[in-house]
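What follows is one structure encoded as structure tokens, with my remarks underneath.
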Amino acid sequence: MNFDEMSDSELMSAYVKGASKAFYALESRYQRQLFAWLVGSLSNRSDAEDLYQDIWLRIIKNAESFKDVSFKAWMWKIARNRVIDFRRKKRPDLTLDATFKEDDQPLVDRVQSLDPGPARQVENNDLTQKVFAIVDQLPPAQREVFLLRVQAHLTFNEIAENLNIPLNTALGRMHDAMNKVKKQLMEVL
Amino acid sequence: MKNTDKKIELNDASFERDLEEITALFDGIYQKNKLGTPPLAVVEKIHHEAYLHSLRLRFRQKVRQTMRIAIAAAALLLLLAGGMRINSVQQSNRWIEVINQLCIVCDAELLKDESLEVSNAVLADLLMEMQGLDAETYFAFN
Chain P
20 MNFDEMSDSE
30 LMSAYVKGAS
40 KAFYALESRY
50 QRQLFAWLVG
60 SLSNRSDAED
70 LYQDIWLRII
80 KNAESFKDVS
90 FKAWMWKIAR
100 NRVIDFRRKK
110 RPDLTLDATF
120 KEDDQPLVDR
130 VQSLDPGPAR
140 QVENNDLTQK
150 VFAIVDQLPP
160 AQREVFLLRV
170 QAHLTFNEIA
180 ENLNIPLNTA
190 LGRMHDAMNK
200 VKKQLMEVL
Chain C
564 MKNTDKKIEL
574 NDASFERDLE
584 EITALFDGIY
594 QKNKLGTPPL
604 AVVEKIHHEA
614 YLHSLRLRFR
624 QKVRQTMRIA
634 IAAAALLLLL
644 AGGMRINSVQ
654 QSNRWIEVIN
664 QLCIVCDAEL
674 LKDESLEVSN
684 AVLADLLMEM
694 QGLDAETYFA
704 FN
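Heads up: the sequence lines are chains P and C, in that order. If you're matching positions, the first sequence starts at 20 in our numbering and goes up one per residue. If you're matching positions, the second sequence starts at 564 in our numbering and goes up one per residue.
Written out as structure tokens, the structure reads:
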């Protein structure tokens, strides 16, 4: 059986019937774009690895309930929901007036005192870090479209479908994001 | 700016070119830093889970298949048992009928105060006439 020539739905169907190699083929098909998107979205490789694993485990768990729809859309829906959940859980429920038990120092002071050390400054000079920082500064809606296009290589139609927005809105957000990224890259490079 | 105007502007060559450049830049960064591929250990763990789950799926399918066969066999057995029961009820009804007939004949013959040999002969004739009674049954009664 040549899995490379099979469609996503055929691979899922083969997997549900017991062909585990069909799943390996599917995972390898979306490995790069999903992982790259996670790294870009979370700005943290370790979190991206955890979520990457978690997303595929969810896909495995729900394989039987997969109907003959677009696997790609289904997978991205799971991935996006997982990232949203992760961010929600990770977001600290604290205000800047809150204090740490250790030293009772208000958070606002702690944040100000977190000056980057020499090692951190060297790291920040790296092009990769700068590019990531630029993308991080984008508004969430624009950032989402930008990452799905540039890192996950989704088409604008797929992005619009995935985010449940009109195609023109997706294009508009990308346009604005690109302008901002381009402008900042000019300053950096 | 109208939406339509914006769309035309977005589809222009400069937008496509910028997009290609930025995508290439990101691809380069990802490739250089190996950010596009998860560690082998993570991939292996996913594959291992997928394999275990496929075994579970196969087991579930086998159980379902066996259950289907068992249900079909049970239904067939029930049908057969039902048929046999109907048959045995019919047969016992026939015997009841034969016994009733015998009783009637015996009573009638005794009332006539005839000899036992005569009664037996009449009884044998009657039995021979009765539907569904074979020679074996006849001799058993005779």
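Just so you know, even glycine gets a beta-carbon here, dropped at the ideal spot from N, CA and C. Computed from a predicted structure; not experimentally measured.
With a threshold of 8 angstroms between beta carbons, is Val652 (chain C) in contact with chain P? As a first step, residue 652 (chain C) is located in the second sequence; it is residue number 89 there, counting from the start. So no, Val652 (chain C) is outside the interface.
Element boundaries [alpha helix (DSSP H), containing His172 (chain P)]: For the purposes of this step, residue 172 (chain P) is taken as the residue at position 153 of the first sequence. Following the DSSP letters along the chain, one finds His172 (chain P) in no alpha helix (DSSP H), marked with neither H nor E.
Between P:Ser84, P:Phe151, P:Trp75, P:Val88, which has its C-alpha nearest Asn100 (chain P)'s C-alpha? As a working note, residue 100 (chain P) is residue 81 in the first sequence. Selected option, being the one with the closest Cα: P:Trp75.
With distances taken from CA atoms, which of P:Ser62, P:Arg77, P:Met94, P:Phe90 is nearest Arg106 (chain P)? Residue numbering aside, residue 106 (chain P) sits at position 87 when the first sequence is read from its first letter. Comparing Cα-Cα distances from Arg106 (chain P) to each of P:Ser62, P:Arg77, P:Met94, P:Phe90, the minimum goes to P:Ser62.
Listed by chain order, chain C residues near Lys201 (chain P) by CB distance under 8 angstroms: Within the first sequence, the letter at position 182 stands for residue 201 (chain P). For the C-beta of Lys201 (chain P), the chain C residues within less than 8 angstroms are, from N- to C-terminus, Asp581, Ile585.
In chain C, which residues lie less than 7 angstroms from Ala55 (chain P) when you measure between Cβ atoms? Looking up residue 55 (chain P) in the first sequence gives position 36. Correct list: Tyr593, Leu598, Gly599.
Pick helix, strand or coil for Met94 (chain P), following the three-state DSSP scheme. Working through the first sequence from its first residue, we reach residue 94 (chain P) at position 75. Taken through DSSP and simplified to helix, strand or coil, Met94 (chain P) comes out as helix.
DSSP three-state assignment for Leu190 (chain P), whether helix, strand or coil: The residue given as residue 190 (chain P) occupies position 171 in the first sequence. Helix.
Please identify the residue among P:His194, P:Thr147, P:Ala82 whose C-alpha is closest to the C-alpha of Gln594 (chain C). In the second sequence, counting from the first residue as 1, residue 594 (chain C) sits at position 31. It is P:Thr147.
At a Cβ threshold of 8 angstroms, is Ala613 (chain C) touching chain P? Numbered from 1 along the second sequence, position 50 holds the residue referred to as residue 613 (chain C). Closer than 8 angstroms: yes.
With a cut-off of 8 angstroms, does the C-beta of Ile184 (chain P) fall near any C-beta of chain C? Mapped onto the first sequence, residue 184 (chain P) falls at position 165. By the rule that beta-carbons nearer than 8 angstroms mark a contact, Ile184 (chain P) does not touch chain C.
Among P:Glu83, P:Phe165, P:Ile184, P:Pro185, which has the Cα closest to the Cα of Lys201 (chain P)? In the first sequence, counting from the first residue as 1, residue 201 (chain P) sits at position 182. That would be P:Phe165, whose Cα lies nearest to the Cα of Lys201 (chain P).
Using a C-beta cutoff of 8 angstroms, does Ser617 (chain C) count as contacting chain P? Residue mapping note: residue 617 (chain C) aligns to position 54 of the second sequence, counting from 1. At least one chain P Cβ lies under 8 angstroms of Ser617 (chain C).
Suppose you measure from the CA of Asp590 (chain C) to the CA of Ile632 (chain C); what does that come to, to the nearest Å? On the second sequence, residue 590 (chain C) is found 27 positions in, with the first residue counted as 1. On the second sequence, residue 632 (chain C) is found 69 positions in, with the first residue counted as 1. When rounded, the distance between both Cα atoms is 55 angstroms.
Are any of the Cβ atoms in chain P nearer than 8 angstroms to that of Val626 (chain C)? Within the second sequence, numbered from 1, the residue matching residue 626 (chain C) stands at position 63. No, because no Cβ of chain P sits closer than 8 angstroms to the Cβ of Val626 (chain C).
Using a threshold of 8 angstroms, state whether the C-beta atoms of Pro601 (chain C) and Tyr71 (chain P) are closer than that. For the purposes of this step, residue 601 (chain C) is taken as the residue at position 38 of the second sequence. For the purposes of this step, residue 71 (chain P) is taken as the residue at position 52 of the first sequence. Cβ distance < 8 angstroms, so Pro601 (chain C) and Tyr71 (chain P) count as in contact.
Contact set for Ala189 (chain P): own chain, Cβ-Cβ below 8 angstroms, skip 5 residues either direction: As a position in the first sequence, residue 189 (chain P) is number 170, starting the count at 1. Taken in chain order, the residues that qualify are Val164, Phe175, Ile178, Ala179, Leu182.
Straight-line gap, Lys86 (chain P) to Arg648 (chain C) (C-alpha atoms, nearest Å): What you label residue 86 (chain P) is simply residue 67 of the first sequence in a count that begins at 1. What you label residue 648 (chain C) is simply residue 85 of the second sequence in a count that begins at 1. About 47 angstroms.
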